[in-house]
Amino acid sequence: RRFVVHKFRTMHVNNDDSEYKEYLRRLVTQGAPYGVDRQRRPVYKVADDPRVTRMGALLRKTNLDELPQFFNVLKGEMSFVGPRPDIPFSVELYEDWHRKRLSVKPGITGMWQVCERANLSFDDMVRLDIEYVERQSPLLDSKIMLLTVDTILRRDGSYRDGKEMRDG
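Just so we're aligned, residue 2 is where the sequence shown starts under our numbering, counting upward by one.
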């Protein structure tokens, strides 16, 4: 089900998204990373995206760009915890098993946002989303929300291995 995800505008107006769409196509269909970091590990998130304004970079770094999504929660379109909503272009590229992540309401935060998110492939993100779909509970949601606050305060990109969610 489609809806408008509220966010602060962080990008320049009238960007050419063709390069970004090609990156998304490779990420979803081939699991191809955006690049590699200094330790030669795959990086799946666009670093220093030239489409992002300086103010937008600050909003993203502090996670303040996500605040307007609370309106989506109030409207019943999203929940606090769940798989992140995806753009229609990416969903069209999903394999059948990826679609299970769409079976619950999308959330502002989720499992992959608080564990290993800095180096996860698209398929690994989807696997964590599906694990959430299969295990969702008030206790798991509480753990994810607490770890989200911790991740935001540390601004570290989170390198947890997910053990916090699997224990208890």
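Beta carbons are placed, not taken as given, at the ideal position from N, Cα and C, and that holds for glycine.
- Nearest Cα to L129 within the set P84, S143, L75 and R155: P84.
- Sixteen is the threshold: since fewer than 16 other Cβ atoms of the shown chains lie within 10 Å of the Cβ of G77, the residue is exposed.
- For S104, no beta strand (DSSP E) segment is defined, and its DSSP state is neither H nor E.
- F81 carries a strand assignment under DSSP once its states are collapsed to helix, strand and coil.
- Per the coordinates, the alpha-carbon of V127 lies some 13 Å from the alpha-carbon of V105.
- Judged by beta-carbon spacing, E135 lies beyond the 7 Å limit of I109, meaning their Cβ atoms are not closer than that value.
- In this structure, DSSP gives V6 a state outside helix and strand, which the three-state scheme calls coil.
- Taking all protein chains shown into account, L60 has 16 or more neighbouring C-beta atoms within 10 Å of its C-beta and is therefore buried.
- A check of alpha carbon separations from D124 across M146, I145 and H99 identifies H99 as the nearest.
- In the structure shown, the three-state DSSP call for T152 is helix.
- V5 sits away from P86, with the two beta carbons spaced by 7 Å or more.
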